[in-house]
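Colleague:
Numbering (this note's numbering), first residue to last: 10 to 440.
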């Protein structure tokens with residue numbers, strides 16, 4: 010059987026003018042695979058590995074580990090509190106401390122203390138040899154966040170339409186609980202995934218897929234797939250375990266932070282955006298890969314974040330079949346991380362954040378707001394995919410501090426220490 014089509018299958022594109030050519034080329038290659046049957050490209054799309062970030066791909070009886078991504082089940086979770094957000098200004102130090110003392114960031118981060126959670130008793134840990142080996146580290150990392158664009162933040166949520174949660178799964182990984190009437194609320198929002206567990210599982214099964222399809226051209230290698238009746242069935246178990254682990258990870262973070270601030274929880278929303286689902290489209294059962302794309306079936310709630318400064322949105326899906334019931338997962342990068350480091354300086358970024366009323370506890374210069382597309386334009390470009398039901402404005406933000414943040418923090422500390430020494434010397438001369 011030929012592994013590549015002569016021409017790519019047709020696929021829908023949203024926000025075409027703001028999608029870089031390299032991301033389009035990646036989507037074209039994915040659409041050439043013999044197992045691909047449908048596809049779509051979201052308005053936040055940018056270049057990744059294999060399938061572009063913001064890519065949606067439906068395959069027949071096959072799954073592509075790198076079309077899910079290395080951070081399996083990277084996801085969003087929002088908790089909404091029964092308190093007006095003006096409390097953020099009144100007791101800002103309380104909220105700063107809640108994040109500083111109850112979150113851990115970084116690629117090798119371990120939890121603050123051992124955590125008991127039912128996910129660690131999941132039978133799938135013992136079904137897979139690799140998962141069994143990774144279980145100890147996964148237990149240590151439960152309740153932590155990664156690096157890059159992962160965050161935990163407080164903000165102001167303006168609910169425009171009632172959020173009607175049922176506490177039932179709306180497709181794997183998507184859940185909304187509580188009924189939230191229109192109004193203004195304090196909310197906690199987090200973004201992270203399955204930590205080192207997902208990374209190891211993704212690369213292990215990608216290596217298997219690459220060996221099976223060793224004859225694929227070099228530029229297609231990260232699109233190597235697994236047969237769902239073979240190794241793909243094992244990957245499916247691994248991916249879903251990582252999905253349950255990622256959900257538990259967010260649950261632990263939110264429980265700790267919620268207990269630290271002590272306000273009543275009204276409800277919440279959670280959804281994966283790096284995952285694969287078994288769905289029916291055009292009367293055909295397919296595997297839908299969403300790599301940096303939010304499930305947007307009719308009536309399904311999701312969270313689409315902006316940046317550390319720009320707003321995020323609670324949305325309700327319209328079930329557009331042309332997008333395979335999908336929407337963007339954020340604003341999308343408009344430049345690489347390396348380019349962001351070259352272009353931005355912390356004093357300028359910090360001033361912009363201050364002017365916007367955002368208190369950044371730590372972060373990376375590669376995550377500067379200017380490194381991303383305009384989220385409002387992205388939302389306008391997908392108005393046929395989702396409707397906005399609430400808007401979230403970040404106020405107290407915690408991310409992984411990169412080397413530029415650490416250098417700047419050390420310089421500020423040295424400057425403060427130097428000023429103190431100089432003041433001490435002046436005081437001694439006066440005495």
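Beta carbons: idealized from backbone N, C-alpha and C, even for Gly.
My output table needs one value for residue 199: the three-state DSSP class, helix, strand or coil.
Modeller: The answer is strand: DSSP assigns residue 199 an E or B state.
Colleague: Residues bridged to residue 335 by DSSP?
Modeller: In DSSP, residue 335 forms a bridge with 304.
Colleague: At 4 residues or longer, and completely inside the region 378-419: list those alpha helix (DSSP H) runs for me, N to C.
Modeller: DSSP runs (the alpha helix (DSSP H)) wholly in the region 378-419: 384-390.
Colleague: Please go through the same chain and pick out, in chain order, the residues whose beta-carbon is closer than 7 Å to the beta-carbon of residue 366, but skip the five residues on each side of it.
Modeller: Counting only Cβ-Cβ distances below 7 Å, and skipping sequence neighbours, we find 404.
Colleague: Could you tell me whether the Cβ atoms of residue 50 and residue 22 are closer together than 7 Å?
Modeller: A contact, by the Cβ cut-off of 7 Å.
Colleague: Residue 308: buried (16+ other C-beta within 10 angstroms of its C-beta) or exposed?
Modeller: Its Cβ having fewer than 16 others within 10 Å, residue 308 is exposed.
Colleague: Rounded to the nearest angstrom, what separates residue 358 and residue 377 at their Cα positions?
Modeller: Taking the straight line from one Cα to the other gives about 7 Å.
Colleague: Determine the direct distance from the alpha carbon of residue 233 to that of residue 13, and round the result to whole angstroms.
Modeller: Approximately 11 Å between the Cα atoms of the pair.
Colleague: In whole angstroms, give me the CA-to-CA distance for residue 102 and residue 108.
Modeller: Those two C-alpha atoms are separated by around 10 Å.
Colleague: Where do the ends of the alpha helix (DSSP H) carrying residue 216 lie?
Modeller: Residues 204-221.
Colleague: Which residues in the same chain have their Cβ closer than 7 Å to the Cβ of residue 29, if we skip the five residues on either side of it in sequence?
Modeller: Answer for residue 29: 55, 56, listed in chain order.
Colleague: Grab me the residues of residue 305's own chain with a C-beta within less than 6 Å of its C-beta, minus the 5 sequence neighbours each way, in chain order.
Modeller: Cβ within range, chain order: 326, 334, 335, 336, 394, 395.
Colleague: So for residue 437, helix, strand or coil by DSSP?
Modeller: Residue placement at residue 437 is poorly supported in this model, since its pLDDT is 47, which falls under 50; the coordinates are not used for a value here.
Colleague: Which class does residue 228 belong to by DSSP, given the choice of helix, strand or coil?
Modeller: It is helical.
Colleague: For residue 40, which residues in the same chain have their Cβ closer than 7 Å to its Cβ, ignoring the five residues on either side in sequence?
Modeller: Result list for residue 40: 17, 18, 20, 48, in chain order.
Colleague: Please return the same chain residues whose Cβ sits closer than 6 Å to the Cβ of residue 259, not counting the five positions on each side in sequence.
Modeller: Cβ neighbours of residue 259 beyond the five flanking positions: 86, 199.
Colleague: Measuring straight from C-alpha to C-alpha, what distance separates residue 440 and residue 424?
Modeller: Per-residue confidence for residue 440 stands at a pLDDT of 37, beneath the threshold of 50, marking its modelled position as unreliable; no derived number is given.
Colleague: Specify the secondary structure class of residue 188 as computed by DSSP and reduced to three states.
Modeller: In the structure shown, residue 188 sits in a strand (DSSP, three-state: E or B).
Colleague: Quick test of your reading: residue 263 and residue 88, contact by CB under 8 Å. State the CB separation rounded to the nearest angstrom.
Modeller: Residue 263 to residue 88, Cβ: 5 Å. Contact.
Colleague: Would a C-beta distance cut-off of 7 Å place residue 124 and residue 155 closer than the cut-off?
Modeller: Result no, Cβ atoms of residue 124 and residue 155 do not sit closer than 7 Å.
Colleague: Among 212, 160, 332, 322, which one has its Cα closest to the Cα of residue 79?
Modeller: Per the Cα distances, 212.
Colleague: Considering only C-alpha positions, which residue in the set 117, 90, 398, 69 is nearest to residue 287?
Modeller: Measuring from the Cα of residue 287, the nearest candidate turns out to be 69.
Colleague: Rounded to a whole number of angstroms, what is the C-alpha to C-alpha distance between residue 225 and residue 204?
Modeller: Looking at the two C-alpha atoms, the distance is approximately 29 Å.
Colleague: With respect to the alpha helix (DSSP H) encompassing residue 278, which residues constitute its N-terminal and C-terminal limits?
Modeller: Taken as a continuous stretch (DSSP letters only), residue 278 belongs to no alpha helix (DSSP H), being part of the beta strand (DSSP E) at 274-281.
Colleague: Select from 168, 62, 36 the residue whose C-alpha is nearest the C-alpha of residue 284.
Modeller: If we check each option's Cα against that of residue 284, 62 comes out closest.
Colleague: Nearest CA to the CA of residue 140: which residue from 408, 214, 236?
Modeller: Out of 408, 214, 236, 214 has the C-alpha closest to the C-alpha of residue 140.
Colleague: Sort 128, 208, 105 by Cα distance to residue 161 and report the nearest one.
Modeller: For residue 161, the nearest C-alpha among the options comes from 105.
Colleague: Using DSSP's beta-bridge definition, name the partner residues of residue 290.
Modeller: The partner list for residue 290 (beta bridge, DSSP) reads 293.
Colleague: Based on the DSSP output, what are the partners of residue 62 in its beta bridges?
Modeller: DSSP, once it has assigned bridges, lists 55 as partnering residue 62.
Colleague: What number of angstroms, rounded off, separates the C-alpha of residue 346 from the C-alpha of residue 412?
Modeller: Whole-angstrom Cα-Cα distance: 13 Å.
Colleague: With respect to 6 Å, is the separation between the Cβ of residue 151 and the closest non-hydrogen atom of the ligand SAH below this value?
Modeller: The ligand SAH is absent from the structure shown, which contains no ligands of any kind.
Colleague: Reducing DSSP to helix, strand and coil, say where residue 159 ends up.
Modeller: Note: residue 159 maps to coil in three-state DSSP.
Colleague: Within 10 angstroms of its Cβ, does residue 169 collect 16 or more other Cβ (buried), or is it exposed?
Modeller: Per the 10 Å Cβ criterion, exposed.
Colleague: What is the DSSP secondary structure of residue 317, reduced to helix, strand or coil?
Modeller: Residue state, collapsed to three classes: coil.
Colleague: Can you tell me the Cβ-Cβ gap for residue 82 and residue 182, rounded? I've got them flagged as a contact below 8 Å.
Modeller: That pair is a contact at about 6 Å.
Colleague: Going by DSSP, which residues form a beta bridge with residue 167?
Modeller: Partner(s): 193, 400.
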